[in-house]
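Asks: Residue numbers (the numbering used here): 8 to 321.
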Amino acid sequence: MSIPALTHFVDIQSLSKEQFWGLLELAKELKDERRRLGQNAPILAGKSLALLFQKASLRTRVSFEMGMVQLGGYAFFLSPQEIGLGKRESVADVARVLSGYCDGIMARVFDHAHIIELAEWGSVPVINGLSDYSHPCQALTDIFTIWEAIGDPAGKTLAYVGDGSNNVATSLITAAEKVDMAVRVVSPPGYQPDPAWLAEVDADVTVTDDLDGVAGVDALYTDVWTSMGQEAETEARLAVFPPYQINEALVERTGNAEVKVLHCLPAHRGEEITDAVADSESSLLFPQAHNRLHAQKALLAHLLGGIPLEIHGD
Ligand code: CP
Ligand code: NVA
8 MSIPALTHFV DIQSLSKEQF WGLLELAKEL KDERRRLGQN APILAGKSLA LLFQKASLRT
68 RVSFEMGMVQ LGGYAFFLSP QEIGLGKRES VADVARVLSG YCDGIMARVF DHAHIIELAE
128 WGSVPVINGL SDYSHPCQAL TDIFTIWEAI GDPAGKTLAY VGDGSNNVAT SLITAAEKVD
188 MAVRVVSPPG YQPDPAWLAE VDADVTVTDD LDGVAGVDAL YTDVWTSMGQ EAETEARLAV
248 FPPYQINEAL VERTGNAEVK VLHCLPAHRG EEITDAVADS ESSLLFPQAH NRLHAQKALL
308 AHLLGGIPLE IHGD
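1) Here's a check: name, in chain order, each residue in its chain whose Cβ is nearer than 7 Å to the Cβ of His119, leaving out the five neighbours to either side.
2) Using 10 angstroms around the beta-carbon of Pro132, count the other beta-carbons present and answer buried if the total reaches 16, otherwise exposed.
3) Near Lys4, which residues of its chain fall below 6 Å by C-beta distance, leaving aside the five closest residues on each side in sequence?
4) Per DSSP, what are the beta-bridge partners of Phe83 in this structure?
5) How about the region 195-212 and the region 252-268: do they share at least three Cβ pairs that are nearer than 8 Å?
6) Report the start-end ranges of each beta strand (DSSP E) in the region 65-137 that is 3 residues or longer and not cut off at the edges.
7) Closer than 6 Å from C-beta to any heavy atom of the ligand CP: which residues, in chain order?
8) Sorted by chain position, which residues of the same chain lie with C-beta nearer than 8 Å to Pro294's C-beta, five sequence neighbours on each side aside?
9) So, are the CB atoms of Leu105 and Ala57 less than 7 Å apart?
10) Roughly how many angstroms lie between the CA atoms of Ala82 and Leu307, to the nearest whole one?
11) When you compare each of Ala274, Leu269, Arg299 to Phe288 by their alpha carbons, which one comes out closest?
12) Taking all protein chains shown into account, do 16 or more other C-beta atoms lie within 10 angstroms of the C-beta of Ser97, making it buried, or fewer, making it exposed?
13) Does the beta-carbon of Arg244 have 16 or more other beta-carbons within 10 angstroms, so that it is buried, or is it exposed?
14) Could you tell me the distance, in whole angstroms, from the CA atom of Ala203 to the CA atom of Ala210?
15) In the DSSP assignment, find the beta strand (DSSP E) that holds Lys24 and state where it starts and stops.
16) Thinking just about the alpha-carbon of each residue, which of Val208, Val231, Asp201, Val192 is nearest to the one in Leu218?
17) Of the residues Glu317, Lys304, Gly313, Pro315, which one's Cα is nearest the Cα of Glu40?
18) Could you tell me whether the region 270-286 touches the region 228-241, using the rule of 3 or more Cβ pairs below 8 Å?
19) Do the CB positions of Lys38 and His301 come within less than 7 Å of each other?
20) From the DSSP output, which residues share a beta bridge with Ser290?
21) Would the beta-carbon of Lys24 fall within 7 Å of that of Lys185?
22) The beta strand (DSSP E) spanning Val192 covers which residue range?
23) At what residues does the beta strand (DSSP E) containing Thr229 begin and finish?
24) Straight-line CA distance for Ser70 to His309?
25) Return the chain-ordered list of same chain residues with a C-beta closer than 7 Å to the C-beta of Pro49, the five sequence neighbours on each side being excluded.
26) Quick one: grab the DSSP three-state call for Phe16.
27) For a test of your reading of the model: does the CB of Asp113 fall under 6 Å from any non-hydrogen atom of the ligand NVA? Yes or no.
28) Helix, strand or coil for Leu168? Go by DSSP, reduced to three states.
29) Let's test the definition: count the other Cβ atoms within 10 Å of the Cβ of Glu279 and tell me whether it reaches 16, buried, or not, exposed.
30) State the DSSP-derived secondary structure class of Thr213, mapped to helix, strand or coil.
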């Protein structure tokens, strides 16, 4: 089945279900290839990727850099001080300059509009490596990890517990819709997804502040209570979120002995998740972190290497 190619990877909403599954299958293929042969074919030989960061990162930076290396290409890191995106130089000029030097731009920004502007002005693929609004690379990885751990996500249910209005929740909800997985957002009032936005997404999502929302789910997911850029709200958030901690009692409350637990990391252990759960048999935290590499290699292979998206259904 031939699937229309992507130009950028700015958000999951704009992908079709086929494109999303095509990326998942390509990620699996590349992961299997490396496991089988100890390396990937150098499909990105001679290609380079700019890694532009306005915020801190471990996983995103290293997995993109290693992903390029493993596919035969090259990546270079640009710190906030170096670029001054929108301050030292306009976003449009940065996009046009970088497009003449390299074959792709991965950017982590505060303002989501900056990602959109990079994509509008850049003549090479732009990948959203997290904005205040969304984190699509993470969500692609999360669904890949769930698929690997518990099989086809269709018909399964995930409970997102914590700040249901943040970038990770936003992307996860849209990604779940692509694979027909239901989401229950269990969040305190004031930190739930915007109802108008939810109506637009048209996903199978229920929103509640009641912790019983986790009953019967296949997977639990959480993220930090205070995201990067929200540090001034830390105290107010710490006053609201503690009941929404993923701890052994909450895992028990799912009533599912096989339930899997996910977290995009970095974790504030002892806040949104306890050590006992993060390091338990149910935890997918580290496979999930490692899968960033494989999921993003699929993006790179497709966007920079022209590898087509295909669905084999196996
Ligand atoms: N999950 C994630 O994006 O991690 P980093 O912030 O370390 O890149
Ligand atoms: N919601 C978190 C995710 C970090 C990967 C943040 O934006 O800080």
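Heads up, the beta-carbon is just placed ideally off N, CA and C, and yes, glycines get one too. Please read these numbers as outputs of a predicted model, since none were measured by experiment.
Replies: Result, derived from the coordinates:
1) Ser138, Asp139, Tyr140, Ser141
2) buried
3) Because the chain spans 8 through 321 in this model, residue 4 falls outside it and cannot be assessed.
4) Ala57
5) no
6) 81-85, 111-115, 133-135
7) Ser64, Leu65, Arg66, Thr67, Leu137, Gln145, Cys271, Leu272, Pro273
8) Thr152, Glu155, Ala156
9) yes
10) 11 Å
11) Looking at the sequence provided, one finds Glu at residue 288 rather than Phe. That would be Leu269, whose Cα lies nearest to the Cα of Glu288.
12) exposed
13) buried
14) 12 Å
15) Counting along the chain, Lys24 falls outside any beta strand (DSSP E), though it belongs to the alpha helix (DSSP H) covering 24-44.
16) Val192
17) Lys304
18) yes
19) yes
20) Val268
21) yes
22) 189-193
23) 226-229
24) 16 Å
25) Leu78, Gly79
26) strand
27) Reading the sequence as shown, one finds Met at residue 113 and not Asp. Not under cutoff, so the answer is no.
28) For the record, residue 168 in the displayed sequence is Val; it is not Leu. Here Val168 sits in strand by DSSP.
29) buried
30) strand
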